[in-house]
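Residue numbers (the numbering used here): 93 to 411. For glycine and all other residues, C-beta sits at the position ideal for the given N, C-alpha and C.
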């Protein structure tokens, strides 16, 4: 089969290439899936550089979540449309995954949409529901709102009845977000503090920050008393620090979010989280936005688009 293989870690993807590799042989308890869509996530890019907390031994195939059709395995009829979390291995024509990670795709979702739900919406759910306990009417500030995870947070926060402020460096991409999910306000990714405090009459209740750096610094001065600042990641490239007198005086919490690790530490809650996300997707209460479907042969264009933040929502690779 054809697969994208990381042979060597590099900052410029020079160690990554398409290759012909042996078809995977599913072990007992695994399902073999013919991949029809595989969602590209920022950790996939980081893994090609060795910059993510998960560091698979070389060589490996990236790809954290797939949608496709069952080829073989117990418990599913051949040809059933399914989605699965893979951690690695998804950017290939075939992938073998643990049966417990496989679920049937709701009829209202395409392969590309289904592949775009798991990682992004699970991160948003763990952050907003499990850790921040967002309540209807609260103000939620979402940074990086045009990316896959940020856009999922906007969508989910609106579904939870929160009032949402979305930020981005791109006014053009924010216009797309307004058309798709109707946040209550959109602001630039720099210099948002005073406008956000005026909108919220003093500060935001919850901030969802996958950006870090200067955005995080400004956010610490935008929080309401009793607020929750959710640390999702550092796409800006700078890991920010906060003087502890700021959360002390302003009375807010800083909470780290690792949705996958949360599920591994608390398996029962992890299953509940996924069940809740997929129930909302099946009911149409949340819906991912697929920016583009890109042929696996053109994987580099997709990775470059993610690297340069040229995407609204999710990019999907199609073998």
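Identity of the residues DSSP links to residue i by a beta bridge
{"i": "residue 176", "result": "158 and 194"}
{"i": "residue 405", "result": "239"}
{"i": "residue 322", "result": "300 and 347"}
{"i": "residue 260", "result": "280"}
{"i": "residue 385", "result": "408"}
{"i": "residue 315", "result": "296"}
{"i": "residue 110", "result": "96"}
{"i": "residue 255", "result": "231"}
Rounded Cβ spacing between residue i and residue j (contact assumed at less than 8 Å)
{"i": "residue 127", "j": "residue 158", "result": "5 Å"}
{"i": "residue 154", "j": "residue 113", "result": "Not really, about 14 Å apart at Cβ, beyond 8 Å."}
{"i": "residue 196", "j": "residue 238", "result": "About 30 Å; that fails the 8 Å criterion."}
{"i": "residue 188", "j": "residue 116", "result": "4 Å"}
{"i": "residue 164", "j": "residue 118", "result": "6 Å"}
{"i": "residue 162", "j": "residue 178", "result": "No, residue 162 and residue 178 are not in contact; Cβ-Cβ is about 15 Å, not under 8 Å."}
8 Å CB neighbourhood of residue i in its chain, flanking five on each side removed
{"i": "residue 230", "result": "254, 255, 297 and 298"}
6 Å Cβ shell around residue i - same chain, five flanking residues per side excluded
{"i": "residue 388", "result": "409 and 411"}
{"i": "residue 263", "result": "none"}
{"i": "residue 277", "result": "257 and 291"}
{"i": "residue 261", "result": "281"}
{"i": "residue 204", "result": "129, 382, 385 and 408"}
{"i": "residue 194", "result": "123, 174 and 176"}
{"i": "residue 144", "result": "135 and 138"}
Residue j beta carbon less than 8 Å from that of residue i
{"i": "residue 130", "j": "residue 215", "result": "no"}
{"i": "residue 124", "j": "residue 186", "result": "yes"}
{"i": "residue 383", "j": "residue 272", "result": "no"}
{"i": "residue 182", "j": "residue 406", "result": "no"}
{"i": "residue 303", "j": "residue 400", "result": "no"}
{"i": "residue 305", "j": "residue 328", "result": "yes"}
{"i": "residue 249", "j": "residue 324", "result": "no"}
{"i": "residue 366", "j": "residue 344", "result": "no"}
{"i": "residue 251", "j": "residue 213", "result": "no"}
{"i": "residue 373", "j": "residue 198", "result": "yes"}
{"i": "residue 314", "j": "residue 338", "result": "no"}
{"i": "residue 140", "j": "residue 101", "result": "yes"}
Residues near residue i in its chain [Cβ-Cβ closer than 7 Å; skip 5 each side]
{"i": "residue 137", "result": "395, 398 and 399"}
{"i": "residue 167", "result": "191"}
{"i": "residue 279", "result": "257, 259, 287 and 288"}
{"i": "residue 246", "result": "234, 237, 256, 258, 269, 273 and 275"}
{"i": "residue 307", "result": "235, 281, 301 and 328"}
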